[in-house]
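Have a look at the structure below before the remarks.
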DNA sequence: TAGATATGATACAAATATGTTTCATAAGTG
DNA sequence: CACTTATGAAACATATTTGTATCATATCTA
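Residue numbers (the numbering used here), protein chains in the order written: chain A, 1074 to 1262; chain B, 1074 to 1262.
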């Protein structure tokens, strides 16, 4: 059960996923020609590996979600509390800013494909479970709805990647800021 | 100096701005045919009033920014403190969710046009001034950078409009939630 | 090394979007 | 009401993009 794929295919696929993620996250209207050029791969090869544009987008999205899963898989074991899990999550996911940006844009666009939708919802559900755990733990204020907290997590992801355009900052420091904001807001105590 | 514009032009323009704002905020790839159809206006008329697609987008963006200015103009007088101004701002701007969504998407896309860029930066600057005022007032924590707070405001706008997709909620209640989060985060005190 | 297979270049077809022009008709204006 | 002007429909040209097919060449595998 070694890798069944030709080395050339693996290389092309990796290059296309990377280029597609990069270009499409910056500009949804990027063409397949653009992506092939950025990947330094012939346009024919792109169409050979992905029948349609949708298929490429889906492959990239799945790739991003896998990266997320890998980056967060350790949290379950390491987290000492529900709140701590959020801190670890910010630290784990902020470095994946390109993946984050891509998924944010695609998740708005691609509401047709049931397969993708299922993965998105699964991802959202994991955050929701985290929120509910922290709430049950007594860490979260009770007059704040679970739904809002779930959205706030996404909102802090968004905050972090727009802030990286303005202030060049360490991913880790950004995660600390987001976590502090999440817990206590930004006012003087 | 009465309105120099024919009533028909005014009506067409208003319909096109509205339809364009609506469709483009949901899907950046909406075509001019789509927009004309949504506006119940002939495609020829669209091209007569806006030479290019860029011009239409710019007109919509300016329209949105004007709406923002109008909605927030009262804050300067009414705000009793720097923090209170943020609360008023959330209350004033959250109802403009379509305008907000449009501007967020366009501001990422349209980084060429200097005129638009200038308006965006002016808008961002007003938020920055608000943040700096609140900081000088002693309301904001000193170990949190001004840049982060500025981005957080945008992030809470984002949070609010994704939350409206999941939980149907009053704009006003949403603004309260955002303000509370801004001030104290979401943890139990 | 020999055979299998992925690749890039090219040409091609079809669909779609942008932008222009024309003209009879409808609507506002004075 | 008479006149001016905006409108919608249609035809048209152009550019871009998607997707397919072919074929000589380069690269991997066994």
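Positions of the beta carbon are idealized from the N, C-alpha and C atoms, including for glycine.
ask   = Which residues in the same chain as residue 1138 (chain B) place their Cβ atom closer than 7 Å to its Cβ, once the five residues preceding and following it in sequence are excluded?
value = As a working mapping, residue 1138 (chain B) is identified with position 65 in the second chain. Excluding five sequence positions before and after residue 1138 (chain B), the CB atoms of its chain that fall closer than 7 Å to its own CB belong to 1192 and 1196, given in chain order.
ask   = Just curious, the alpha helix (DSSP H) that residue 1189 (chain B) is in, first and last residue?
value = Position 116 of the second chain, counted from the first residue, corresponds to residue 1189 (chain B). Run containing residue 1189 (chain B): 1187–1209, per the alpha helix (DSSP H) assignment.
ask   = So, helix, strand or coil for residue 1225 (chain A), using DSSP?
value = Looking up residue 1225 (chain A) in the first chain gives position 152. Of the three classes helix, strand and coil, the one that applies to residue 1225 (chain A) here is helix, per DSSP.
ask   = In three-state DSSP terms, what is residue 1169 (chain A)?
value = Against the first chain, residue 1169 (chain A) aligns to sequence position 96. Reduced to three states, the DSSP call for residue 1169 (chain A) is coil.
request  = Using 10 angstroms around the beta-carbon of residue 1083 (chain A), count the other beta-carbons present and answer buried if the total reaches 16, otherwise exposed.
outcome  = As a working mapping, residue 1083 (chain A) is identified with position 10 in the first chain. That one is exposed.
query = Opposite residue 1213 (chain A) in the DSSP bridges: which residues?
reply = Position 140 of the first chain holds residue 1213 (chain A). Answer is B:1260, bridged to residue 1213 (chain A).
inquiry  = Tell me which residue opens and which closes the alpha helix (DSSP H) that residue 1138 (chain A) is part of.
reply    = Position 65 of the first chain, counted from the start, is the residue given in the question as residue 1138 (chain A). Taken as a continuous stretch (DSSP letters only), the alpha helix (DSSP H) holding residue 1138 (chain A) covers 1126–1145.
ask   = Terminal residues of the continuous alpha helix (DSSP H) containing residue 1240 (chain B)?
value = The count along the second chain starts at 1 and reaches residue 1240 (chain B) at position 167. Run containing residue 1240 (chain B): none; DSSP gives neither H nor E here.
ask   = At a Cβ cut of 7 Å, what residues of the stretch 1221–1242 of chain B count as close to chain A, listed as they run along the chain?
value = 1221, 1222, 1224, 1225, 1227, 1228, 1229, 1231, 1232, 1235, 1236, 1239 and 1240
task = Would you tell me roughly how many angstroms separate the C-alpha atoms of residue 1224 (chain A) and residue 1241 (chain B), rounded to the nearest one?
result = The count along the first chain starts at 1 and reaches residue 1224 (chain A) at position 151. The count along the second chain starts at 1 and reaches residue 1241 (chain B) at position 168. Taking the straight line joining both Cα atoms gives about 13 Å.
query = Considering residue 1151 (chain A), what are the terminal residues of the alpha helix (DSSP H) in which it resides?
reply = Counting from 1 along the first chain, the entry for residue 1151 (chain A) is found at position 78. Its alpha helix (DSSP H) spans residues 1148–1151.
message = In whole angstroms, give me the CA-to-CA distance for residue 1088 (chain A) and residue 1126 (chain A).
response = Against the first chain, residue 1088 (chain A) aligns to sequence position 15. Against the first chain, residue 1126 (chain A) aligns to sequence position 53. In this model, residue 1088 (chain A) and residue 1126 (chain A) are separated by some 16 Å (Cα to Cα).
inquiry  = Could you check whether residue 1167 (chain A) and residue 1247 (chain A) sit closer than 8 Å to each other, using their CB atoms as the reference points?
reply    = Counted from its first residue, the first chain places residue 1247 (chain A) at position 174. Counted from its first residue, the first chain places residue 1167 (chain A) at position 94. The Cβ atoms of residue 1247 (chain A) and residue 1167 (chain A) lie closer than 8 Å to each other.
inquiry  = Counting only Cβ pairs nearer than 8 Å, list the residues of chain B close to residue 1101 (chain A).
reply    = As a working note, residue 1101 (chain A) is residue 28 in the first chain. Result: 1101 and 1102.
query = Going along the chain, which residues of its own chain have a beta-carbon closer than 8 Å to the beta-carbon of residue 1074 (chain A), five neighbours each way excluded?
reply = Your numbering for residue 1074 (chain A) matches position 1 in the first chain. Caution applies to residue 1074 (chain A), whose pLDDT of 32 falls short of 50 and renders its modelled position unreliable; the model cannot decide the point.
task = Have a look at A:1160, A:1147 and A:1177 and flag the residue whose alpha-carbon is nearest the alpha-carbon of residue 1134 (chain A).
result = Reading the first chain from its first residue, position 61 is the one you call residue 1134 (chain A). Here the closest residue by C-alpha is A:1177.
For residue 1111 (chain B), the three-state DSSP class (helix, strand or coil) = Taking the second chain and counting its residues from 1, the one referred to as residue 1111 (chain B) is at position 38. Helix, per DSSP.
ask   = Which two residues bound the contiguous alpha helix (DSSP H) that contains residue 1095 (chain B)?
value = In the second chain, residue 1095 (chain B) corresponds to position 22, counting from 1. 1080–1099 is the span of the alpha helix (DSSP H), which, as asked, contains residue 1095 (chain B).
message = Let's see if you can read the secondary structure: which residues bound the alpha helix (DSSP H) around residue 1264 (chain A)?
response = A question about residue 1264 (chain A) goes unanswered here, because the residues of chain A that appear run from 1074 up to 1262.
request  = Answer yes or no: do residue 1158 (chain B) and residue 1213 (chain B) have a C-beta to C-beta separation smaller than 8 Å?
outcome  = Position 85 of the second chain, counted from the start, is the residue given in the question as residue 1158 (chain B). Position 140 of the second chain, counted from the start, is the residue given in the question as residue 1213 (chain B). It is not a contact, given that the beta carbons lie outside the stated cut-off.
request  = On a CA-only basis, which of A:1188, A:1165 and A:1259 is nearest residue 1146 (chain A)? Give me that one, please.
outcome  = In the first chain, residue 1146 (chain A) corresponds to position 73, counting from 1. The candidate whose alpha carbon is nearest that of residue 1146 (chain A) is A:1165.
inquiry  = If I measure Cβ to Cβ from residue 1107 (chain B) and keep anything under 8 Å in the same chain, skipping five residues before and after, which residues do I get?
reply    = If you number the second chain from 1, residue 1107 (chain B) lands on position 34. Cβ within range, chain order: 1096.
inquiry  = Here's the rule: buried if 16 or more other CB atoms are within 10 angstroms of the residue's CB, otherwise exposed. What is residue 1227 (chain B)?
reply    = Within the second chain, residue 1227 (chain B) is the residue found at index 154, counting from 1. Buried is the call here.
message = Given this structure, state the Cα-to-Cα distance separating residue 1238 (chain A) from residue 1079 (chain B), to the nearest angstrom.
response = Residue numbering aside, residue 1238 (chain A) sits at position 165 when the first chain is read from its first letter. Residue numbering aside, residue 1079 (chain B) sits at position 6 when the second chain is read from its first letter. Computed Cα separation, rounded: 44 Å.
message = If the cut-off is 9 Å on Cβ atoms, which residues from the stretch 1244–1259 of chain B count as contacting chain A, listed in chain order?
response = 1247, 1250, 1251, 1253, 1254, 1255, 1256, 1257, 1258 and 1259
request  = Examine chain B for any beta-carbon lying closer than 8 Å to the beta-carbon of residue 1093 (chain A), and answer yes or no.
outcome  = As a working mapping, residue 1093 (chain A) is identified with position 20 in the first chain. Taking Cβ atoms only, chain B never reaches closer than 8 Å to residue 1093 (chain A), which makes this a no.
key: Beta-carbon separation (whole angstroms), residue 1258 (chain A) vs residue 1210 (chain A), contact threshold 8 Å   = Translated into the one-based positions of the first chain, residue 1258 (chain A) becomes position 185. Translated into the one-based positions of the first chain, residue 1210 (chain A) becomes position 137. That pair is no contact at about 20 Å.
inquiry  = Taking the straight line between their C-alpha atoms, what separation do you get for residue 1077 (chain B) and residue 1101 (chain B)?
reply    = The residue labelled residue 1077 (chain B) in the question sits at position 4 within the second chain. The residue labelled residue 1101 (chain B) in the question sits at position 28 within the second chain. Answer to the nearest angstrom: the Cα atoms are 33 Å apart.
request  = Taking C-beta pairs closer than 7 Å, name the residues in chain A that residue 1212 (chain B) reaches, listed in chain order.
outcome  = Translated into positions along the second chain, residue 1212 (chain B) becomes position 139. In chain order: 1260 and 1261.
inquiry  = For residue 1085 (chain B), count the other beta carbons within 10 Å of its own beta carbon; 16 or more makes it buried, fewer makes it exposed. Which is it?
reply    = Locating residue 1085 (chain B) in the second chain gives position 12, counting from the first residue. Buried, by the Cβ-count rule.
inquiry  = Contact criterion: CB-CB distance below 8 Å. Does residue 1108 (chain A) meet it with respect to chain B?
reply    = Counting from 1 along the first chain, the entry for residue 1108 (chain A) is found at position 35. At a cut-off of 8 Å between C-beta atoms, residue 1108 (chain A) does not count as an interface residue with respect to chain B.
ask   = Taking Cβ-Cβ distances below 9 Å as the criterion, which residues of the stretch 1152–1167 of chain B are in contact with chain A?
value = 1156
key: Through-space distance from residue 1152 (chain B) to residue 1201 (chain B), alpha-carbon basis   = Working through the second chain from its first residue, we reach residue 1201 (chain B) at position 128. Working through the second chain from its first residue, we reach residue 1152 (chain B) at position 79. Their Cα atoms are separated by approximately 16 Å.
Through-space distance from residue 1245 (chain B) to residue 1103 (chain A), alpha-carbon basis = Counting from 1 along the first chain, the entry for residue 1103 (chain A) is found at position 30. Counting from 1 along the second chain, the entry for residue 1245 (chain B) is found at position 172. The alpha-carbon atoms of residue 1103 (chain A) and residue 1245 (chain B) are separated by roughly 38 Å.
ask   = Which of helix, strand or coil does DSSP assign to residue 1236 (chain A)?
value = Mapped onto the first chain, residue 1236 (chain A) falls at position 163. It is helical.
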